Amino acid sequence: MSTPIDTEAERQRLESTLLVDTVRITRPTGTPQLDPSTGLLGPVPAEPVYEGPGAVLSGHGQVTAQHVLGREWLDDTVSWYRLLTPISAPVPVRYDRVEVVAAAGEHAATENRAWQVLDPSEASTVEIVRVTRLDEITPP
Numbered sequence: 067m068s069t070p071i072d073t074e075a076e077r078q079r080l081e082s083t084l085l086v087d088t089v090r091i092t093r094p095t096g097t098p099q100l101d102p103s104t105g106l107l108g109p110v111p112a113e114p115v116y117e118g119p120g121a122v123l124s125g126h127g128q129v130t131a132q133h134v135l136g137r138e139w140l141d142d143t144v145s146w147y148r149l150l151t152p153i154s155a156p157v158p159v160r161y162d163r164v165e166v167v168a169a170a171g172e173h174a175a176t177e178n179r180a181w182q183v184l185d186p187s188e189a190s191t192v193e194i195v196r197v198t199r200l201d202e203i204t205p206p
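Take 67 as the starting number for the sequence shown in the numbering used here and just add one per residue.
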C-alpha cells in the first residue's frame, strides 16, 4: 500500500529548496519602433507579468534537482530549459520573456540571459510547482 503524498508539504519544500532566484516575466505588448537616427529597432514594448521566486533549470539542473529532492518531478523535454515558479504565480504564455534578475548562487550563469516561453505552463491534476518550457534568446 502506498502512502499519499502531502502535496502542500512537498510544495513548500520545493519552493524553499529550489525557487531561490528572482525571476521576471514580461509580456510583449507591441512592436519595436525604428530609430531613424540609427536605423535600428528599439526594444519590444512589454508589460510586467511576474517578478518573484523562481528557478531556471537546464537539462543538467533538472537532474540535480531530482537528486536534491529525492524524487523525479521533471521528466524529459524537448527544450533544454524549464522555468519553475510557485503555483501562486501567473501562468506564463507563449512568447513571454523570462529573465533571472537575481541569482542566489554565486556561480550561477543565468543572470544577463533571457528566455522565451515555448508553451503555456504544463498542466497536471496534482501540481507542486508551475513548470514552463523555455527557449534561450540571449543575444550573442
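No residue lacks a Cβ here, since even glycine has one placed at the ideal position from N, Cα and C. Small disclaimer: the values here were computed from a predicted structure and weren't measured.
So the candidates are the options; which of them puts its Cα closest to the Cα of residue i?
i      : options                        : result
Gly120 : Val192, Glu193, Leu150, Gly108 : Leu150
Leu200 : Ile194, Gly105, Glu188         : Glu188
Trp181 : His173, Ala170, Gly171, Thr204 : Thr204
Exposed or buried, which one is residue i when buried takes at least 16 other CB atoms within 10 Å?
i      : result
Ile71  : exposed
Ile194 : buried
Leu84  : buried
Asp162 : buried
In angstroms with no decimal places, state the Cα-to-Cα distance between residue i and residue j.
i      : j      : result
Gly198 : Arg93  : Here residue 198 turns out to be Thr, not Gly, going by the sequence shown. So the two alpha carbons sit approximately 15 Å from each other.
Arg196 : Leu107 : 34 Å
Glu202 : Val122 : 11 Å
Ala175 : Glu165 : 12 Å
Arg148 : Arg179 : 14 Å
Val157 : Gly105 : 36 Å
Please determine whether the Cβ atom of residue i lies at a distance below 8 Å from any heavy atom of the ligand HEM.
i      : result
Val115 : Annotation note on the ligand HEM: not contained in the displayed structure, which lists no ligands.
Whole-angstrom Cβ separation of residue i and residue j, contact assumed at under 8 Å?
i      : j      : result
Val183 : Arg160 : 6 Å
Pro109 : Pro98  : 6 Å
Ala168 : Thr88  : 4 Å
- Task: Please go through the segment 74 to 122 and give each complete beta strand (DSSP E) segment of 3 or more residues, from N-terminal end onward.
- Result: Positions of the beta strand (DSSP E) runs, each at least 3 residues long and wholly inside the segment 74 to 122, are given as 87 to 94 in order along the chain.
- Task: Output the residue ranges of the beta strand (DSSP E) runs that lie fully inside the segment 150 to 176 and measure 3 residues or longer, sorted by chain position.
- Result: For secondary structure counted as the beta strand (DSSP E) over 3 or more consecutive residues, the segment 150 to 176 holds these complete runs in sequence order: 163 to 168.
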